[in-house]
Each structure stands twice: as structure tokens, then as C-alpha cells.
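Under my numbering, the sequence shown has 50 at position 48, and the numbering climbs by one with no breaks.
Reviewing the structure listed below.
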Amino acid sequence: MTSADELGNSVLRSAARLTRWASRNASFDIPMGQARLLALVEELSPTRVSALAAADHCSQPTMSAQLQRLESEGWAERVVDPADARAHLVSLTAAGRDALDRARQARIKALSPAFDQLDGPALERLAVAVAALDDLLERAAAPSPSPASTPEPRQKEA
Numbered sequence: 003m004t005s006a007d008e009l010g011n012s013v014l015r016s017a018a019r020l021t022r023w024a025s026r027n028a029s030f031d032i033p034m035g036q037a038r039l040l041a042l043v044e045e046l047s048p049t050r051v052s053a054l055a056a057a058d059h060c061s062q063p064t065m066s067a068q069l070q071r072l073e074s075e076g077w078a079e080r081v082v083d084p085a086d087a088r089a090h091l092v093s094l095t096a097a098g099r100d101a102l103d104r105a106r107q108a109r110i111k112a113l114s115p116a117f118d119q120l121d122g123p124a125l126e127r128l129a130v131a132v133a134a135l136d137d138l139l140e141r142a143a144a145p146s147p148s149p150a151s152t153p154e155p156r157q158k159e160a
């Protein structure tokens, strides 16, 4: 049986290869780096620049520069954070969602011929694996209950 570490490494490697292959073989009108950032903004939106920088492992000034490119294309917008007027929240515009959808559709179109070569059982196994990954990611992204919100175990009555 494969260890969890080995399986995790294999999944990450395969996902990265699949993403790179689909991006190389797709034709879309926006740079891949901008499409990746659009997806990150969509996932975390609305969010602060600092949270995007942390998620992308870059500095806040670097993230601000990248976001300015998206804003200049009309794909992202910053609004004042209602909880803190000194900060801004970033989210996608309708045009940004359209650009991201075009990039995703182009990559799907690039992948379709490869998936068409798989037989029914292989497609079913792939669908089960994707569902398991989605479930794992949902659970990993769910907030952990804080100790204060975790109910105390009930005492057995004597």
C-alpha cells in the first residue's frame, strides 16, 4: 500500500503536470500567470491584498503590482473594507469572471481529446478519484472549531 506521503506527492506531481500540459496546449488570450491569479482572487474573494500575497507566497508589493495589471484590464476591483476603512477588499469583476471562464474553457478543450481516449471504467475511476480529492479539499478548507465553540463531553450520570 502507498503511504499518505507518497500518495500526496504523486497527486501533487500529477496535478501540476496536468495543469502545465493543459495550459501549454490551450490557446487563450490572457497570460497564464494572470489566469492563475484570477482563479486565486475568485477562490478567496472578497479578500485583502495581504491575504492574496500570503496565499501566493509573494510580498504585498508584488501582489499589488500583479493586481494592478488585472485592474487595468478591468478584471478585478478593490473596494474599501467595510470592517476597516484603511484596507481594501479585492474581487473579480464580471469581465474578470469571463476572462477566467475563457481560460478554463480553453484548457478543458485541450484536455478533452485525451479524456476521449479513456474507456468507461477508466473515466469512472478518474471521476471517483476527483470526487475524493474534492472532498479532501473541502474538509481541509473548512474552519477548525475553536476550543470555545467545542462542546464539553457529557458526563455520564451515576
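Glycine included, every Cβ here is placed at the ideal spot set by N, Cα and C.
query	result
Reduced DSSP secondary structure (H/G/I, E/B, other) of residue 74	helix
Beta-carbon proximity list for residue 48, same chain, < 7 Å, skipping 5 on both sides	91, 92, 93
Residues bridged to residue 82 [DSSP beta-bridge criterion]	90
Buried versus exposed call for residue 43 [16 or more other C-beta atoms within 10 Å across all chains shown]	buried
Reference residue 86; option with closest CA among 50, 125, 16	50
Cβ-based burial, residue 36 [other Cβ within 10 Å; buried from 16]	buried
Chain-order list of residues whose beta-carbon lies under 7 Å from that of residue 66 (same chain, five-residue window excluded)	51
Three or more C-beta pairs below 8 Å linking the region 18 to 27 and the region 53 to 61	no
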